[in-house]
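Notes for the one structure printed next.
Protein chains: 2
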Amino acid sequence: MARIGAVEAGGTKMVLAIGDEAGHVTEREEIPTTTPDDCVAEMVEWFRTRDVDALGIGAFGPTAVNPSDPRFGQILETPKTAWKYYDLRGAFVRGLNVPVGYDTDVNVACLGEVVFGSAKGLSNVVYVTIGTGIGAGVMVEGNLLHGMLHAEAGHIIVPRVPGDDATCVCPYHDCCFEGMAAGPAIEHRWGKKGYELADRDEVWELESTYLAEGVSTYVLCYSPQKIVLGGGVMKQEQLFPLVRQKTLKMLNGYLVTPELQDIDNYIVPAGCGGDQGILGSLELGRRALAAK
Amino acid sequence: MARIGAVEAGGTKMVLAIGDEAGHVTEREEIPTTTPDDCVAEMVEWFRTRDVDALGIGAFGPTAVNPSDPRFGQILETPKTAWKYYDLRGAFVRGLNVPVGYDTDVNVACLGEVVFGSAKGLSNVVYVTIGTGIGAGVMVEGNLLHGMLHAEAGHIIVPRVPGDDATCVCPYHDCCFEGMAAGPAIEHRWGKKGYELADRDEVWELESTYLAEGVSTYVLCYSPQKIVLGGGVMKQEQLFPLVRQKTLKMLNGYLVTPELQDIDNYIVPAGCGGDQGILGSLELGRRALAAK
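In the order they appear, the protein sequences are chains E and D. Per the UniProt record's numbering: the first sequence = residues 1 to 292. Per the UniProt record's numbering: the second sequence = residues 1 to 292.
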């Protein structure tokens with residue numbers, strides 16, 4: 001078995017792990033996300049002392065994920081100014097001298113779910129994280145979606161739910177999915193964090209309507225074989241039946257497929273139980289090693 | 001050069017053509033779409049007498065386009081009851097005994113634009129037709145998007161434009177892109193067909209707002225390297241600058257890419273001048289022959 005390193009590079013913390021091709025994680029560490037100079041040197045050192053054969057990185061966006069892009073592996077325009085245009089993948093390539101796979105955090109989580117989780121063996125899958133933000137990782141015909149950049153499907157415009165007069169918390173958009181439905185939107189609207197509102201039915205009634213707006217758009221755009229919903233907000237498991245039922249109601253019979261007829265197995269929780277990012281990064285590292 | 005047949009199977013007419021791998025069309029015919037028994041036999045005979053080496057078909061949906069689906073090549077649930085579950089691809093395979101490529105009309109048009117048109121050489125492209133309906137053909141990482149079914153991105157929910165009180169003409173949805181912005185929606189709202197309203201600025205002001213809602217959602221979901229807009233409604237060329245400007249306004253600087261900075265070359269008309277469906281079908285036929 002090869003020793004593979006995994007990095008989940010998030011805006012507030014970095015999760016590091018060591019594992020193998022089969023998805024067994026043997027060691028794990030978290031460090032706060034500070035500046036590239038400080039925390040990348042520390043991460044490189046952590047992996048160097050553990051002698052990895054390859055590495056996979058799932059990074060916060062926007063970032064250049066298309067291997068044919070000269071900026072491949074760089075963080076792009078970001079409010080975190082210290083990271084702007086930082087060559088994150090390059091730092092690990094130079095520091096470790098092993099094959100390094102690289103993609104967005106949500107694409108990597110999607111890959112984790114396809115290889116190890118709820119979407120095992122499928123080739124058209126959407127993974128949505130609903131947490132401090134909303135992001136979608138997308139696999140189409142077996143390939144993670146890149147393009148001009150990568151999906152930024154958390155920022156699609158959604159119709160405001162009648163009666164909801166909350167301000168959209170996205171600084172860019174008047175009424176986008178993330179700005180109306182991510183964790184900070186819930187806290188802004190109700191004055192408390194989601195987990196403190198678990199027993200307030202009206203909170204999840206409204207939240208599930210916005211989630212169904214996003215999910216039905218993803219069903220129509222991506223035609224996935226399965227949609228996996230993860231992230232902190234989805235720990236409120238009462239959301240799943242509501243989102244399923246409202247998504248079907250919004251589609252209103254327009255699409256007739258065996259998958260939608262079995263909606264409980266179509267819109268599902270992550271099968272990796274929170275480890276989809278780390279497991280997907282291991283798989284990315286495995287693939288980078290295999291392609292060497 | 002091989003002789004390749006092309007079929008654009010539409011709801012009202014079938015366009016048949018003969019051409020070669022390089023996209024030269026040498027003969028063309030149109031017949032009305034009646035019942036499968038009548039018009040498919042006629043089409044098979046037309047190609048048989050012309051001795052084609054392969055065939056490509058772009059079909060109206062919903063239809064099974066995933067080659068691993070046992071229903072591959074069948075028309076699925078459709079209001080055109082005579083066509084429901086009809087094995088369109090199978091009829092040509094049996095009748096002609098040549099390799100037959102098969103996909104949706106819009107995926108085929110997208111392929112035509114990638115191989116011969118405005119999106120030449122790109123691998124992440126969205127082709128949108130805005131005509132009697134709205135449909136999106138999508139290429140991701142070089143592959144046409146299939147999945148549970150195929151994209152049905154014309155039916156995404158869009159926010160109603162303030163002040164527009166027109167009824168959505170889609171029988172399934174209260175306010176979907178197609179129901180608010182396709183040709184029949186224009187006619188329903190203004191009492192005349194689009195081409196009769198060419199000089200009415202308010203028509204195109206409103207139409208372009210809905211188009212920008214759809215296009216900005218596609219940009220965020222698919223991250224295409226280019227978006228090609230075709231179909232009858234887009235013959236109103238005054239729409240292009242309006243859609244470009246409004247799409248940028250809706251994205252509001254959230255995405256920073258060289259492509260969006262060159263918006264005139266990002267949201268573009270079809271380069272095949274209406275022949276994207278036929279040329280894409282030729283390419284599908286070429287690929288089916290090459291894969292034989």
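We treat Cβ as the ideally placed atom computed from N, Cα and C, and that holds for glycine. Quick caveat, the model's predicted, so the values are computed rather than measured.
Taking the straight line between their C-alpha atoms, what separation do you get for residue i and residue j?
{"i": "residue 144 of chain E", "j": "residue 49 of chain D", "result": "44 Å"}
{"i": "residue 28 of chain E", "j": "residue 119 of chain E", "result": "24 Å"}
{"i": "residue 33 of chain D", "j": "residue 78 of chain D", "result": "14 Å"}
{"i": "residue 180 of chain D", "j": "residue 160 of chain E", "result": "17 Å"}
{"i": "residue 191 of chain D", "j": "residue 203 of chain D", "result": "11 Å"}
{"i": "residue 279 of chain D", "j": "residue 280 of chain E", "result": "39 Å"}
{"i": "residue 270 of chain E", "j": "residue 84 of chain E", "result": "31 Å"}
{"i": "residue 233 of chain D", "j": "residue 209 of chain D", "result": "14 Å"}
{"i": "residue 134 of chain E", "j": "residue 128 of chain E", "result": "7 Å"}
{"i": "residue 218 of chain D", "j": "residue 126 of chain D", "result": "8 Å"}
{"i": "residue 40 of chain D", "j": "residue 165 of chain E", "result": "55 Å"}
{"i": "residue 57 of chain D", "j": "residue 155 of chain D", "result": "23 Å"}
{"i": "residue 86 of chain E", "j": "residue 193 of chain E", "result": "33 Å"}
{"i": "residue 200 of chain D", "j": "residue 10 of chain E", "result": "50 Å"}
{"i": "residue 66 of chain E", "j": "residue 72 of chain E", "result": "6 Å"}
{"i": "residue 291 of chain D", "j": "residue 37 of chain D", "result": "29 Å"}
{"i": "residue 44 of chain D", "j": "residue 285 of chain D", "result": "15 Å"}
{"i": "residue 263 of chain E", "j": "residue 244 of chain E", "result": "6 Å"}
{"i": "residue 109 of chain D", "j": "residue 275 of chain D", "result": "8 Å"}
{"i": "residue 220 of chain D", "j": "residue 115 of chain E", "result": "25 Å"}
{"i": "residue 98 of chain D", "j": "residue 18 of chain D", "result": "14 Å"}
{"i": "residue 205 of chain E", "j": "residue 113 of chain E", "result": "27 Å"}
{"i": "residue 20 of chain E", "j": "residue 288 of chain E", "result": "13 Å"}
{"i": "residue 62 of chain D", "j": "residue 80 of chain E", "result": "44 Å"}
Nearest chain E C-beta to residue i closer than 9 Å, yes or no?
{"i": "residue 224 of chain D", "result": "yes"}
{"i": "residue 118 of chain D", "result": "no"}
{"i": "residue 208 of chain D", "result": "no"}
{"i": "residue 55 of chain D", "result": "no"}
{"i": "residue 153 of chain D", "result": "yes"}
{"i": "residue 158 of chain D", "result": "yes"}
{"i": "residue 251 of chain D", "result": "yes"}
{"i": "residue 221 of chain D", "result": "yes"}
{"i": "residue 269 of chain D", "result": "no"}
{"i": "residue 142 of chain D", "result": "yes"}
{"i": "residue 260 of chain D", "result": "yes"}
{"i": "residue 203 of chain D", "result": "no"}
Within the continuous beta strand (DSSP E) that includes residue i, where are the two ends?
{"i": "residue 13 of chain E", "result": "13-19"}
{"i": "residue 234 of chain D", "result": "That residue, residue 234 of chain D, is in no beta strand (DSSP E); it is neither H nor E in DSSP."}
{"i": "residue 28 of chain E", "result": "25-32"}
{"i": "residue 147 of chain D", "result": "Neither: residue 147 of chain D is in no beta strand (DSSP E) and is coded neither H nor E."}
{"i": "residue 7 of chain E", "result": "4-9"}
Does residue i come within less than 9 Å of chain D when only Cβ atoms are used?
{"i": "residue 134 of chain E", "result": "no"}
{"i": "residue 89 of chain E", "result": "no"}
{"i": "residue 148 of chain E", "result": "yes"}
{"i": "residue 293 of chain E", "result": "For residue 293 of chain E there is no data in the structure shown, the boundaries of chain E being 1 and 292."}
{"i": "residue 113 of chain E", "result": "no"}
{"i": "residue 124 of chain E", "result": "yes"}
{"i": "residue 62 of chain E", "result": "yes"}
Check for me: the alpha helix (DSSP H) holding residue i runs from which residue to which?
{"i": "residue 41 of chain D", "result": "36-48"}
{"i": "residue 129 of chain D", "result": "First-last for residue 129 of chain D: 125-130, but that is the beta strand (DSSP E), not the alpha helix (DSSP H)."}
{"i": "residue 187 of chain E", "result": "183-190"}
Determine the DSSP secondary structure at residue i, reduced to helix, strand or coil.
{"i": "residue 139 of chain E", "result": "strand"}
{"i": "residue 220 of chain D", "result": "helix"}
{"i": "residue 152 of chain D", "result": "coil"}
{"i": "residue 158 of chain D", "result": "coil"}
{"i": "residue 52 of chain E", "result": "coil"}
{"i": "residue 211 of chain E", "result": "helix"}
{"i": "residue 291 of chain E", "result": "coil"}
{"i": "residue 179 of chain E", "result": "helix"}
{"i": "residue 58 of chain E", "result": "strand"}
{"i": "residue 228 of chain E", "result": "strand"}
Any heavy atom of the ligand SAM closer than 8 Å to the CB of residue i?
{"i": "residue 206 of chain E", "result": "No copy of the ligand SAM occurs in the structure displayed, which carries no ligand at all."}
Length-filtered (4 minimum) alpha helix (DSSP H) runs lying within the stretch 63-121 of chain E:
Within the stretch 63-121 of chain E, the complete alpha helix (DSSP H) runs of at least 4 residues are 88-96, 105-116.
Can you list, in chain order, the stretches of the beta strand (DSSP E) that have 3 or more residues and sit fully within the stretch 240-280 of chain D?
Secondary structure within the stretch 240-280 of chain D: the beta strand (DSSP E) runs of 3 or more consecutive residues, fully enclosed, are 267-269 (chain order).
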